[in-house]
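Inspection log for the structure reproduced underneath, given as structure tokens.
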Amino acid sequence: MAITLMQWLGSAAVVYGSTLFGHRRAARYRERPRELRRLATLLYSLQTEISYARIPLQEALQHVTMQADKQSRLATFFGDIAQLLSLPGMTGQTAWNEALAQYALYSPLTKEDLEILAALGRTVGLTGIDEQIGHVKASIELLMARELEALEERNRYERVFKTVGILTGTLIVVLLI
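In this text, residue positions in the sequence shown follow our numbering: the first is 37, and each later residue adds one.
Set out below in structure tokens:
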């Protein structure tokens with residue numbers, strides 16, 4: 037039984053699709069530790085702006101946005117919070133939650149990682165400077181611990197998902213032909 041051109045093309049499409057799926061899944065494991073590190077660094081900058089410069093939250097967030105990569109999701113996240121705070125009647129907590137909801141759509145972070153940010157958002161702008169600094173420090177420490185976990189997961193699963201994607205596509209092709 038000869039394999040037709042359509043079968044070859046279909047087989048190539050199945051293997052390509054499953055390989056692409058595996059690589060995209062692996063990319064989330066690869067990107068998550070980087071994103072956690074960037075986030076912790078930017079929160080440290082926010083802490084510095086709040087504690088030493090003693091500037092309003094909106095201005096501190098604008099400074100943090102300028103320190104982030106202009107094209108990064110985190111620059112958009114902090115920039116969105118700063119922009120929302122400029123609206124009349126907008127609280128820090130509401131602005132933080134709205135920006136976090138948008139950031140979560142495209143972020144490689146897990147639900148648990150995002151919960152750390154949500155917890156920080158519940159205190160933003162509601163407490164005094166010393167309390168805010170304490171909350172930011174606690175969030176940084178939690179994110180750094182999550183980064184170590186993310187590095188372990190990346191080492192464990194990144195290569196697995198790449199390989200499984202290719203092998204799954206190949207298995208499907210073998211079963212169908």
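We put the CB at the ideal spot given by N, CA and C, even for glycine.
So what's Q129 in DSSP terms, helix, strand or just coil?
As a first step, residue 129 is located in the sequence shown; it is residue number 93 there, counting from the start. Three-state result, Q129: helix.
Check whether the Cβ atoms of D105 and R74 lie closer than 9 Å to each other.
In the sequence shown, residue 105 corresponds to position 69, counting from 1. In the sequence shown, residue 74 corresponds to position 38, counting from 1. Taking C-beta atoms as the reference points, D105 and R74 count as a pair closer than 9 Å.
What's the C-alpha gap between I91 and E85?
Here residue 91 refers to the residue found at position 55 of the sequence shown. Here residue 85 refers to the residue found at position 49 of the sequence shown. Distance between I91 and E85, taken at the CA atoms: about 7 Å.
Please list the terminal residues of the continuous alpha helix (DSSP H) segment that includes Q94.
For the purposes of this step, residue 94 is identified with residue 58 of the sequence shown, where counting begins at 1. Where Q94 is concerned, the enclosing alpha helix (DSSP H) stretches over 93 to 103.
Near Y142, which residues of its chain fall below 6 Å by C-beta distance, leaving aside the five closest residues on each side in sequence?
Taking the first residue of the sequence shown as 1, we reach residue 142 at position 106. Cβ within range, chain order: R109.
Count the CB pairs spanning the stretch 122 to 137 and the stretch 149 to 162 that are closer than 8 Å, and state whether there are at least three.
Enough Cβ pairs lie closer than 8 Å, so yes.
I202 to Y52 span [Cα, whole Å]:
Indexing the sequence shown from 1 puts residue 202 at position 166. Indexing the sequence shown from 1 puts residue 52 at position 16. One C-alpha to the other measures close to 8 Å.
Closest to R66 by CA distance: which of R192, T77, L121 is it?
Looking up residue 66 in the sequence shown gives position 30. Checked all of R192, T77, L121; the closest Cα to R66 is R192.
Use the C-beta contact count for E177: other C-beta atoms within 10 angstroms, 16 or more gives buried, fewer gives exposed.
For the purposes of this step, residue 177 is taken as residue 141 along the sequence shown, with counting starting at 1. The residue in question, E177, is exposed, as its Cβ has fewer than 16 Cβ neighbours within 10 Å.
Which class does S122 belong to by DSSP, given the choice of helix, strand or coil?
Indexing the sequence shown from 1 puts residue 122 at position 86. Reduced to three states, the DSSP call for S122 is coil.
Is it the case that the Cβ atoms of I213 and Q43 are separated by a distance below 9 Å?
Taking the first residue of the sequence shown as 1, we reach residue 213 at position 177. Taking the first residue of the sequence shown as 1, we reach residue 43 at position 7. A contact, by the Cβ cut-off of 9 Å.
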